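Numbering follows our numbering, with no gaps: position 36 of the sequence shown is 19.
I have placed the structure first, in the form of structure tokens, so that the comments after it can refer back to it.
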Amino acid sequence: MPNSRRSFLGWMVAAAAALLLAGSFEVGRSLAGSRAELRSEHARRGSGVPPDMMVVVAADGKTFHAPGCRFVHAKAKLETIAAREAIRQGYAPCVRCMRKYLKT
């Protein structure tokens, strides 16, 4: 009888370890996937952009701009949103009008 009890406890410890390992991988994967992917693979993420600052984006564009930026493309499809939302949607700061917020 002692052998079967040890065997059972051994399997329970192995199962608990497997669950713990799988859970930690799942938590790590969910934390890593929480960052929005940039719309352009060549874009640089912004740093220090005030989240409540209103910026201009084009629906089919890849960057967000300060209102009045002369480098905005597709002016017929512009939308004004908060910088926090633009970053969440994967837009990157314009290299001209948002230069001070680009990571180097």
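Note that the Cβ used here is the ideal one computed from N, Cα and C, for glycine as well.
Note that this is a predicted model, so its numbers are computed, not measured.
Between the CA atoms of Val38 and Thr63 - distance to the nearest angstrom = Within the sequence shown, the letter at position 80 stands for residue 63. Within the sequence shown, the letter at position 55 stands for residue 38. The alpha-carbon atoms of Thr63 and Val38 are separated by roughly 6 Å.
Beta-carbon proximity check, Ala65 vs Asp35, cutoff 8 Å = Here the question's residue 65 lines up with position 82 in the sequence shown. Here the question's residue 35 lines up with position 52 in the sequence shown. Against a cut-off of 8 Å, the Cβ pair of Asp35 and Ala65 comes out as a contact.
ask   = Closest to Cys77 by CA distance: which of Leu61, Arg71 and Val55 is it?
value = Indexing the sequence shown from 1 puts residue 77 at position 94. Selected option, being the one with the closest Cα: Val55.
message = According to DSSP, simplified to helix, strand and coil, what is Met(-5)?
response = In the sequence shown, residue -5 corresponds to position 12, counting from 1. Correct three-state label for Met(-5): helix.
ask   = Distance, Cα to Cα, Ala(-2) vs Gln72?
value = Indexing the sequence shown from 1 puts residue -2 at position 15. Indexing the sequence shown from 1 puts residue 72 at position 89. Those two C-alpha atoms are separated by around 40 Å.
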